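Undergrad: Could you have a look at this structure, given as structure tokens, before my questions?
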Amino acid sequence: MSASRKSDIGKKAWIITWRDDRQLPFKDEVAAFCNSRMSEERVGEIMQRIFIDRYCNFSERLDIAAGRNDALQDYCGVHYGDLNGVKWTGALFCGISENTYLYARVVTDIVIQDDDDGNGVPQWTEPSKPDVKWDVQ
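When you line the sequence shown up against my numbering, it's residues 93 to 229, in that order.
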């Protein structure tokens, strides 16, 4: 790979990637980047739209467009991450299609590298998970 694009060095953003539990180690296919200041709720809405566009048929899309919230949850409910039973808002998950789902989190140090064909390939630093060994008395 050649040098990174200077305008992309050190950026921070929500990244939404496709994950497949059958493919280990994970190969992150980037679905979208979102502003790091965007709320979890808005990122969740974007994740649902991406998932619907890829996996829902027209009948399912019509149910969702008609406001059937149960249909939306059935097809692509958004869930927060879980750390030892504690809700973690630093990770969002969306989708139920087989083992494939969307995973969103805020990443840092985003750099776009050009491959041999001149295609931009993003690289980033994953967030560290907080230590949840709280002593509740």
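Just so it is clear, CB atoms sit at the ideal spot from N, CA and C, and this is done for glycine as well.
In this text the structure is predicted, and so the values were computed from the model without any measurement.
1. Name the DSSP beta bridge partners of lysine 103, please?
2. Going by DSSP, which residues form a beta bridge with leucine 184?
3. Compute the beta-carbon to beta-carbon distance between phenylalanine 185 and leucine 175, rounded to the nearest angstrom, for a pair I have assumed lies under 8 Å.
4. If I measure Cβ to Cβ from valine 213 and keep anything under 8 Å in the same chain, skipping five residues before and after, which residues do I get?
5. Pick helix, strand or coil for methionine 93, following the three-state DSSP scheme.
6. Measure the alpha-carbon distance for arginine 146 versus valine 178 and round it to whole angstroms.
7. With DSSP run on the structure shown, which of helix, strand or coil describes alanine 157?
8. Between aspartate 113 and tryptophan 180, what straight-line distance do the alpha-carbon atoms span, to the nearest angstrom?
TA: According to the data block:
1. Ile202
2. Tyr172, Ala196
3. So it is not a contact: roughly 13 Å between Cβ atoms.
4. Met93, Ile204, Gln205, Asp206, Asp207
5. With a pLDDT of only 43 at methionine 93, under the threshold of 50, the placement of this residue in the model should not be trusted; the figure read from the coordinates follows. Three-state DSSP puts methionine 93 in coil, outside helix and strand.
6. 31 Å
7. helix
8. 20 Å
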